[in-house]
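Here is the structure we will look at, set down as C-alpha cells.
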Amino acid sequence: MTYRTTAFTMVGEEHVTMVPSPPGQRWAAEVNGQQVEVLAPSNAVLLDVLRDKVGTLGVKRGCDLGTCGCCAVMIDGQPVLSCLTLAGQVEGAAITTVEGLSDGAHLAPIQTCFATHGGSQCGFCTPGFLISSQALLNENPEPSREEIAVAIEGNLCRCTGYQQIIDAVEAAAALQRGEVETSPASSPHPDPHPVGPEEPTMPPGHAK
Ligand code: FES
Ligand code: FES
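Be aware that the sequence shown starts at 7, since it is given in the working numbering, and climbs by one per residue.
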C-alpha cells in the first residue's frame, strides 16, 4: 500500500511532511454484547474508535497518556486503557464499556453504590472507576479495602477524595454477594475540600 506524501505545512522555515491517515479498513469486535463492524484506519487508537465510530461516549478521554484511567474499558474481562491500545490489537475481542455494565435500564450494583455512597461527583472519572472496580469484583467477590485501593490505583479523581469510592466498591461487593438487598448510603464523610475561613465565598461568576 502506498500513501500520498505530497502534502506539506510550514513550520518556521522548515517544510514538514504531513503523513496522511491510512485509509479505513474493516474493524470488528463485540462491544457490550453487540457485534459491531466499522471502518477505521489501521493505526487507530481504541479510544477513538469506541468514541468516534462505535459511539460509546461513556469512554472518556482524560490525559490521552495512560495516567488518569478515564478511558478504561474491559477487554475479555481485563481492564485496559483504551488510549494506549490500538484497535487492531483487540480486533474480535469482547469489549465492555461503562454502557455495558447496566442491564438495560437497571443499574449494576457497582453503579448504584457509586451513586448512593457519593463515589461520583463531577462524574468525569467515574466510567473508568466503574470499569476497574467491576473487573476487580468479577475476579475477587470479597476484596479488602487494600485490594480495592490497589485495583483503582491507576484511576485519578479530583473530586471525591477516594474514601467514598472505596466504600462504594465494598458495598457493591456485599450487594453482589447477596448479603444485602439494597445499598443504603454510608454515613457522610468529611468534605474533602472544606471551605476554610480564608477561602473566598463569592458565588461562581463573581470571583475577582
Ligand atoms: S485518557 Fe487514557 S489514561 Fe487518561
Ligand atoms: S468525580 Fe470528578 S474527577 Fe472524579
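Cβ atoms here follow ideal geometry from the backbone N, Cα and C, with glycine treated the same way.
Report all residues from its chain with a CB closer than 6 Å to the CB of residue i; omit the five preceding and five following residues, and keep chain order.
| i | result |
| --- | --- |
| M7 | At M7, the pLDDT of 40 sits below 50, so the modelled position is not reliable and the matter cannot be decided from this model. |
| A157 | S138, L142 |
| C74 | G68, L162 |
| V175 | S139, I154 |
Measuring CA to CA, which of the options is closest to residue i?
| i | options | result |
| --- | --- | --- |
| F135 | H112, Q169, E148, A111 | Q169 |
| H123 | T166, V42, V51 | T166 |
| A178 | C163, Q140, N161 | Q140 |
| R183 | I116, Q127, D54 | I116 |
| S108 | D70, N38, G129 | N38 |
| E185 | E148, G160, D58, P28 | E148 |
| G106 | L56, F130, R32 | L56 |
| G64 | E159, G129, L92, N146 | G129 |
| P85 | G110, V104, G125, V60 | V104 |
| C76 | V175, L181, G125, G160 | G160 |
| E187 | P133, T118, Q127, R164 | T118 |
| R164 | T132, G110, E145, N144 | T132 |
Residues in the same chain with beta-carbon distance under 7 Å from residue i, minus the five sequence neighbours each way, listed in chain order, please.
| i | result |
| --- | --- |
| I172 | R151, I154, A155 |
| G30 | L45, A46, P47 |
| K59 | V44, A46 |
| E97 | W33, A34, A35 |
If you follow the beta strand (DSSP E) that residue i is part of, which residue opens it and which one closes it?
| i | result |
| --- | --- |
| E176 | Note, E176: premise wrong, no beta strand (DSSP E); alpha helix (DSSP H) at 169-182. |
| V37 | 30-37 |
Near residue i, what residues of its chain come up, given a Cβ to Cβ distance below 8 Å and the 5 sequence neighbours on each side ignored?
| i | result |
| --- | --- |
| A99 | A35, E36, I81, D82 |
| S88 | V51, L52, L53, L56, V65, C77, A78, V79 |
| V17 | Its pLDDT being 48, under 50, V17 is placed unreliably in this model, and the coordinates cannot settle the point. |
Identify the residues that DSSP records as bridge partners of residue i: which are they?
| i | result |
| --- | --- |
| E43 | A34 |
**Entirely enclosed alpha helix (DSSP H) segments - the region 114-156, minimum 4 residues** = 115-122, 132-145
**Ordered list of beta strand (DSSP E) runs contained in the region 46-112, each at least 3 residues** = 78-81, 84-87, 100-102
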